[in-house]
């Protein structure tokens, strides 16, 4: 049996999708007849490849646990960005089938799949929104205005990732690794640190992707729109990983039936969509639970909004933010037990004695996170939460009235402040997906 | 058009300033910058004490060379008293890798004797890079850094690329240097011979036991550097002995016996006498201080006594002692 390495299998899948896309978009009648079958075949091959690399060990592990088999794990090295380019290529096949793709040059197709700024962690782009830009003659010229904004946005992203997210990462990791012994304060510190970490990590990556694409005169779609400003869970999903939400809506939720049909049917569609979204992030029960919780929250919100019920803005924001913060615990935890440990500590209200509430005694702290004083962390969480909620959005950077000289000075400062020491390997969280 | 030109000028200035900051930073790393982390600052401080004592000795002496398993694991003062010869404990940090031998070379004179007792990690397969070694070379021994192969220099320097971070560390170092040395923060419990005498207590914690998972590669960089050191000693009339670090009993592994035998073959192939067996230096948990390699004062006394007993039985040592008396 011939063993294929990861890069060869990626190339084969790309070639397969390109060829199939060309056939699916054919206007010849005899070809159109079996197009639907071909589309289904194409989707199955893509999902199958993703499942093979990403989910086979999860499946085997659960088989071994529940059925009692002893199948050895395959322990594949996950191909870089497989979740992203699989979704992108499925979108391409569906778009080809519905006649929304136009250009079929194989090299350009490969560029579409592997365009480096967005390959690893999104945005998940559509064929039609990229090909026109790739083939445009202006894309091949040096545009200093785009370079200027590219440098600015790239520096901003670097700063968010290295300076802010990586600082919170230290606290979050310390907290989650000592999950069993955390006090109430420490558990909140750990979960809020991760909430800040993932926000600035993903915002940073998105900015860096958009900034580096701008150097090539390519405008990537918005992917991040201040999600912690959301006033409800639906609003959150319109702001967080916007291109994934768009993909799930267009290629899962709507084909399942979307908003059509009975209320219970819509709820099931929502739940299934979010379960797939959760599973897409990682092969683990914690991701499934995270997806299920968000699905349920969307169902509750839909139920609520159909009855025209409304909360005051501040309460709506607080409820949404707290829900998102709590569900990130499942997203970050290595397993169910770790998540429950953290949540248990976060809600161990019995430790809050009347003396503590009256300020007569300090809140007990176990110091298991071993990262210094918590008093140092709270102001930073507060400051960056304010930045996340009230700060300007980097999507609108081109509208900022910033003099060019000041802009470049700020870029230099942010770039140098955020530039990592190369030996400190710090991955973007979304690289794992 | 003027606006467009201003974008071009701004971007080019931005890129140039960023590049200039990196170039300035790299020049600084090779010339003036210091900004050591806790470990390498501590290593530098204790090495200063140890080397000062070694330099002050004019007669043939005995140097003990390894990482912190020696600093916290043998008593040069006890050895000096028993043997009647000056003994220096040159143990610092296992992360210095081959640089520990380089520093020992600087203190060795013809006619001296050296006992090398490396931690098992110092034999490892990995390259010659570790955080503490890189930090030490960048902060305190730029001349040695500049003499290393270009690829290794590049690997070290790339860990120190952030210009603002490095400048800040350097300024912090200047600000704190006087204060730290004034307070003798780094070596308050060090005796003349370079022994640590503050490791009194047994903490009761359990530490991981050592086991081996791969074969020993005598052509790996760490082993090659060790072989160079042995050869240098032999050429320069320095008598070399080898001994084992004090640690807990090995964790069971089918590879342990073979791996230990490979270590012994390595030393034998370089004509170095081995003092004792690895198992002789395995101790009870009560002898540990704060890692599986660091001994408390009871452990230090036990290990020193055992090593000296083995040394005194050696013919080579007896001849060296007679020769030394003759001088």
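Protein chains in written order, with our numbering: chain A, 1 to 433; chain B, 1001 to 1327.
For glycine and all other residues, C-beta sits at the position ideal for the given N, C-alpha and C.
Item	Value
If we define contact as Cβ-Cβ less than 8 Å, is residue 1162 (chain B) a contact residue for chain A?	yes
So that I know if they touch, is there some Cβ in chain A lying closer than 8 Å to that of residue 1120 (chain B)?	no
Residue 1162 (chain B) to residue 1123 (chain B), Cα distance in whole Å?	32 Å
Could you run through the stretch 1014 to 1027 of chain B and flag, in chain order, every residue whose CB is less than 7 Å away from some CB of chain A?	1014, 1017, 1018, 1021
How would you write the range of the alpha helix (DSSP H) that residue 438 (chain A) sits in, first residue to last?	This structure cannot settle anything about residue 438 (chain A), because the visible part of chain A is limited to 1 through 433.
Could you tell me the distance, in whole angstroms, from the CA atom of residue 1132 (chain B) to the CA atom of residue 1239 (chain B)?	29 Å
For the structure I just gave you, are there three or more beta carbon pairs, one from the stretch 1278 to 1286 of chain B and one from the stretch 1050 to 1059 of chain B, closer than 8 Å?	no
When we look at the beta-carbon of residue 1071 (chain B) and count the other beta-carbons within 10 Å, is it buried (16 or more) or exposed?	buried
Find the residues of chain B that neighbour residue 415 (chain A), judging by a C-beta separation of less than 7 Å, and give them in chain order.	1018
Can you confirm whether residue 1136 (chain B), when its beta carbon is compared against all beta carbons of chain A, has any partner nearer than 8 Å?	no
At what residue ranges does the stretch 1195 to 1280 of chain B contain a whole run of the beta strand (DSSP E), taking only runs of 3 or more?	1239 to 1242
With a cut-off of 8 Å, does the C-beta of residue 109 (chain A) fall near any C-beta of chain B?	no
Grab me the residues of residue 49 (chain A)'s own chain with a C-beta within less than 6 Å of its C-beta, minus the 5 sequence neighbours each way, in chain order.	13
Thinking just about the alpha-carbon of each residue, which of A:307, A:262, A:341, A:240 is nearest to the one in residue 321 (chain A)?	A:240
Residue 298 (chain A): buried (16+ other C-beta within 10 angstroms of its C-beta) or exposed?	buried
Determine which residues share a DSSP beta bridge with residue 225 (chain A) and list them.	DSSP lists no partner for residue 225 (chain A).
State buried or exposed for residue 1040 (chain B), treating a residue as buried only when at least 16 other CB atoms are found within 10 Å of its CB.	buried
How many Å lie between residue 244 (chain A) and residue 113 (chain A) at the Cα?	16 Å
Apart from the five residues on each side of it in sequence, which residues of its chain come closer than 7 Å, Cβ to Cβ, to residue 1237 (chain B)?	1110, 1111
Cβ of residue 252 (chain A) within 7 Å of any heavy atom in the ligand ADP?	Only the bare structure without any ligand can be found here, which leaves the ligand ADP out of the picture.
Compare the Cα-Cα distances from residue 126 (chain A) to each of A:136, A:94, A:144, A:145 and report the closest residue.	A:94
Just to confirm, is the Cβ distance from residue 1066 (chain B) to residue 1245 (chain B) under 8 Å?	yes
Within 10 angstroms of its Cβ, does residue 1104 (chain B) collect 16 or more other Cβ (buried), or is it exposed?	buried
Note the first and the last residue of the continuous alpha helix (DSSP H) segment covering residue 46 (chain A).	35 to 50
For residue 148 (chain A), return the contacting residues in chain B, with the cut-off set at a CB-CB distance below 7 Å.	1007, 1010, 1011
Take residue 242 (chain A) and list the residues in its own chain whose beta-carbon comes closer than 8 Å to its own, dropping the five residues that flank it on each side.	123, 221, 222, 223, 224, 225
Going by C-alpha distance, which of B:1234, B:1087, B:1157 is nearest residue 1028 (chain B)?	B:1157
Please compile the residues from chain B whose C-beta is within a distance smaller than 7 Å of the C-beta of residue 140 (chain A).	Residues of chain B passing the Cβ test: none, with the nearest at roughly 17 Å.
If the cut is a Cβ gap below 7 Å, which residues of chain B does residue 419 (chain A) touch?	1161, 1162
Could you confirm whether any beta carbon from chain B is found closer than 8 Å to the beta carbon of residue 305 (chain A)?	no
Keeping to the same chain, check which residues put their C-beta closer than 6 Å to that of residue 330 (chain A); ignore five residues upstream and five downstream.	286, 289, 290, 339
By Cβ distance below 8 Å, which residues in the same chain neighbour residue 1314 (chain B) in space, the five residues on each side in sequence not counted?	1241, 1273, 1275
Which term fits residue 2 (chain A), buried or exposed, when burial requires 16 or more other beta carbons within 10 angstroms of its beta carbon?	Legend: pLDDT at residue 2 (chain A) = 43, less than 50; position of this residue unreliable, value from coordinates given subsequently. The residue in question, residue 2 (chain A), is exposed, as its Cβ has fewer than 16 Cβ neighbours within 10 Å.
Would the beta-carbon of residue 177 (chain A) fall within 8 Å of that of residue 345 (chain A)?	no
Grab me the residues of residue 1270 (chain B)'s own chain with a C-beta within less than 7 Å of its C-beta, minus the 5 sequence neighbours each way, in chain order.	1227, 1230
In its own chain, which residues sit with a C-beta less than 7 Å from the C-beta of residue 1116 (chain B), not counting the 5 before and 5 after it?	1065, 1066, 1240, 1242
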